[in-house]
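Numbering (our numbering), first residue to last: 925 to 1249.
For every residue, glycine included, the Cβ atom is placed at its ideal position computed from N, Cα and C.
All figures in this text were calculated on a predicted structure; none of them were measured in a lab.
One structure is given below, encoded as structure tokens.
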Amino acid sequence: MTKIALLGAAGQIGTPLSLLCKSSDLFNEIALYDVVHAPGIATDLNHIDTRAKVSGHLAEDGGLQKALKGADFVVVTAGIARKPGMTRDDLFKTNASIIRDLFTEVAKTCPQAICCIVTNPVNSTVPVAAEALRQGDAYDATRLFGVTTLDVVRASTFIAHALGGGADPKSFKVPVIGGHSGATILPLYSQAVPEISIDSEKLAQVIHRVQFGGDEIVESKKGAGSATTCMAYAGFRFIKALLQAKSGTPGVEEAYVYLPGIQGGKEIAARLGVDYFAVKVELGSNGATKVFDIGSLSDSEEKLLEVALKDLKANIQAGHAFMGV
Ligand code: LMR
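Okay, here's the thing in structure tokens:
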């Protein structure tokens, strides 16, 4: 029996994500929670001929507790999205409170669940969630992930676009480290498989596009929000990897995690001077089993890493300050 709770299910990421979960046939139970519309979306999804039973819950009558009860996985997309001219950090005030409140309840109702955060600014909301879980005596770094898979998806897609020739984006594996916001997103094309041959000016443009890919969508949507379908796609890819690992097939994905709480992470945290960082993570039956070193970087990547770390420290500090730590 596998149950997933999707918090923020009526939002523009939550709804396509709930469809991907229902159509996958990987779950027995899918609980949708939101402040509006969740029961109606559940009724709609229940007409699909896969075995998952979908329930919809609103805030009234203990809806959040009902959605979380018995959940093996919790995925949070709740919160507001960017409009043109906004950075992810501009969302912090509103979304940090939402994350704090949701994770205070996760700590009480399903403390063993594996949790994924999509809600921006991920660089700060993950430290907020970690602290809320810690305050509820339910924190384990191996079970809390900031979802950065969209950066990995973009790194493959945009290099394929730049190289042209009809290359399959999926054939490029590019590690992406750092965080999930602007300059904190650092695609390591020097470690790409297969090796990539592109002139340095073009490569710089591709790196910039990966770092600011979110802005491209925000501007194109002209005030109607930010990434939704590609984020749902990427989020589901990460959820699928977690599920496969849970059922005995370990995998490796990038995610934004608390390094000192995961095997292999203390050394990386000490070297970089940050505790939260997106790295390659090995996924096992109960969450993260270890993190992988970032490997050797090119000179230009080293410079970008310095900038990323500076921004990241401020983002993490914002999350801690909000939680009074
Ligand atoms: C993205 O990367 O597209 C998302 O984080 C949404 C955003 O605000 O950019």
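Which of helix, strand or coil DSSP assigns to residue i
i: G1070; result: strand
i: C1040; result: strand
i: K1266; result: Any property of residue 1266 remains undetermined from this structure, which presents the chain solely from 925 to 1249.
i: T1213; result: strand
i: P1111; result: strand
i: V1030; result: helix
i: I1288; result: With the chain covering only 925 through 1249, there is no way to say anything about residue 1288.
i: A929; result: strand
i: G1274; result: The chain is shown from 925 up to 1249; residue 1274 falls before or after that span and cannot be answered.
i: I1101; result: strand
i: V1203; result: strand
i: V1117; result: strand
i: V1249; result: coil
Residue interval of the alpha helix (DSSP H) (run including residue i)
i: F1160; result: T1153 to K1170
i: A962; result: A962 to L969
i: I1131; result: S1124 to Q1135
i: K946; result: G938 to S948
Beta strand (DSSP E) segment containing residue i, residue limits
i: H1244; result: Looking at the DSSP string, H1244 is not in any beta strand (DSSP E); the run it does join, the alpha helix (DSSP H), is D1223 to F1246.
i: V1050; result: Segment V1046 to Q1059 is the alpha helix (DSSP H) holding V1050; no beta strand (DSSP E) there.
i: K977; result: K977 to H981
i: F1096; result: No beta strand (DSSP E) holds F1096; DSSP gives it neither H nor E.
i: A934; result: A934 -> no beta strand (DSSP E), and no H or E assigned at all.
i: Y1063; result: Here Y1063 belongs to no beta strand (DSSP E), and DSSP marks it neither H nor E.
i: L956; result: E953 to Y957
Buried versus exposed, by CB contacts within 10 Å (16 or more), residue i
i: E1177; result: buried
i: E1125; result: exposed
i: N952; result: exposed
i: R1067; result: buried
i: G1159; result: buried
i: M925; result: exposed
i: A976; result: buried
i: K927; result: buried
Q | the stretch 1054-1067 / the stretch 1018-1034 touching (three or more Cβ pairs under 8 Å) | A | Taking a cut-off of 8 Å on C-beta distances, the stretch 1054-1067 touches the stretch 1018-1034, as three or more cross pairs fall below it.
Q: Assess, as a yes-or-no matter, whether the stretch 1140-1150 is touched by the stretch 1241-1248 under the definition of 3 or more beta carbon pairs within less than 8 Å.
A: No, the stretch 1241-1248 does not touch the stretch 1140-1150.
Q. Three or more C-beta pairs closer than 8 Å, one from the stretch 1228-1235 and one from the stretch 1004-1011: is that the case here?
A. These segments do not touch.
Q) Where are the alpha helix (DSSP H) runs, 4 residues long or more, that stay fully inside the stretch 1172-1199, in chain order? A) Counting whole runs of 4 or more residues, the stretch 1172-1199 contains the alpha helix (DSSP H) stretches 1189-1196.
Q | Sufficient close CB pairs (3 or more, under 8 Å) joining the stretch 1168-1176 to the stretch 1206-1221 | A | Touching, yes, given that three or more Cβ pairs across the two stretches are closer than 8 Å.
Q) Counting pairs of beta carbons, one from the stretch 1080-1096 and one from the stretch 1051-1060, are three or more of them closer than 8 Å? A) Touching, no, given that fewer than three Cβ pairs across the two stretches are closer than 8 Å.
(Q) Would you call the stretch 1010-1018 in contact with the stretch 954-961, where contact means no fewer than 3 C-beta pairs closer than 8 Å? (A) Contact between the stretch 1010-1018 and the stretch 954-961 is absent, because fewer than three Cβ pairs lie under 8 Å.
(Q) Is it the case that the stretch 1196-1206 contacts the stretch 1159-1167, given that we only count it when at least three CB pairs across the two stretches are under 8 Å? (A) Counting Cβ pairs under 8 Å, fewer than three are found: no touch.
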